[in-house]
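With the sequence shown counted from 1, adding 86 to any position gets you our numbering.
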Amino acid sequence: MQWDLTQLALTALRDHAFALAGSGAIREHGFMNRPTQDVDLFTNDPDPESFESAVDGLVLEMEITGLSVENVRRAPRFAQLRITTTTGHSVDMDLAVDWRQQDPVALAVGPVLSVEDAVGNKVSALYSRAEARDYLDVDAIRLSGRFTDAQLLSAVAERDAGFDSPTFAGQLEQVIRIRPDRVERYGVSAEQLEAIGQRFVLWAAEIRS
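Here it is as structure tokens:
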């Protein structure tokens with residue numbers, strides 16, 4: 087359902103440079119297949135009027151197809167919508183303006199951030215907010231072998247002028263605070279979480295050395 091709604095939204099937003107971002111982009115690039123908490127759709131068009139027009143058009147398109155749309159939050163260059171199907175299933179959809187380094191790529195779901203932007207944004211999210219899902223996604227990225235640790239650090243530094251590697255190492259070590267019940271929804275067992283934690287603590291030690 088979430089994938090179908092994402093595809094519908096990206097089709098409705100096709101004239102406004104939106105692309106799938108966040109964990110959804112990480113999934114579409116094949117790093118993992120876990121369910122995502124919400125759908126992030128970002129554009130690099132900073133025009134607030136264009137943004138509002140895009141969101142209004144999306145809401146109208148969703149409602150025409152029989153979906154219920156709640157405007158949870160609307161602000162200049164940001165909108166959070168809750169899309170509810172006729173069967174009562176809901177998906178939160180966040181739309182925002184965000185910088186990107188490369189053009190999106192066309193995948194089955196629609197426009198998706200380039201793999202470089204998707205990965206860079208995800209590691210930056212771990213650095214800035216360090217939510218449980220950020221650790222899961224970055225661990226999946228590292229296990230894929232498609233990026234070196236040095237490349238991941240460079241990606242964060244490119245997006246944050248104040249990047250500090252010891253602070254980043256400290257964020258990695260915070261993985262030990264994540265309780266198993268916080269990752270159950272993602273299909274991660276307590277044993278898997280422990281292994282993820284060990285990998286991040288080891289990475290933090292390598293950064294500090």
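Where is the CB? At the ideal position from N, CA and C, for every residue including glycine.
| Asked | Found |
| --- | --- |
| Complete alpha helix (DSSP H) runs within the region 170-219 (minimum length 4 residues, chain order) | 201-214 |
| Chain-order list of residues whose beta-carbon lies under 7 angstroms from that of glutamate 149 (same chain, five-residue window excluded) | Val155 |
| Those runs of the beta strand (DSSP E) which lie wholly inside the region 219-293 and span at least 3 residues | none |
| Sufficient close CB pairs (3 or more, under 8 angstroms) joining the region 126-138 to the region 100-115 | yes |
| Limits of the unbroken alpha helix (DSSP H) element including phenylalanine 137 | 134-150 |
| Residues of its chain near arginine 268, where Cβ-Cβ distance is below 7 angstroms and the 5 sequence neighbours each way are ignored | Ala218 |
| Per-residue DSSP class, three states only, for glycine 129 | Residue identity differs from the one stated: residue 129 is threonine in this sequence, not glycine. Correct three-state label for threonine 129: strand. |
| Cα-Cα separation between alanine 105 and valine 201, rounded to whole angstroms | 12 angstroms |
| First through last residue of the beta strand (DSSP E) which encompasses arginine 113 | Unbroken run through arginine 113 is the alpha helix (DSSP H), 108-114; no beta strand (DSSP E). |
| Touching by the beta-carbon criterion (3+ pairs, under 8 angstroms), the region 271-283 and the region 236-244 | no |
| Collapsed DSSP secondary structure at glutamine 166 in the structure displayed | strand |
| CB of aspartate 131 within 8 angstroms of CB of valine 198, strictly | no |
| Close beta carbons around leucine 153, own chain, < 7 angstroms, minus the five adjacent residues each side | Ile169, Thr170 and Thr171 |
| Euclidean distance between Cα positions of glutamine 88 and lysine 208 | 20 angstroms |
| is_contact[serine 154, chain D] using C-beta, thresh 8 angstroms | Reference to chain D is not applicable here, since this structure consists of a single protein chain. |
| Segment limits, alpha helix (DSSP H) that includes alanine 98 | 88-98 |
| Presumed contact (8 angstroms Cβ cut-off) between phenylalanine 137 and arginine 160, rounded CB distance | In fact, because the Cβ distance is near 10 angstroms, the residues do not count as touching under 8 angstroms. |
| Extent of the continuous beta strand (DSSP E) run through asparagine 157 | 154-161 |
| One or two residues paired with phenylalanine 104 in a DSSP bridge | Thr129 |
| Nearest residue (CA-CA) to arginine 263, options Phe254, Leu279, Phe249 and Asp250 | Leu279 |
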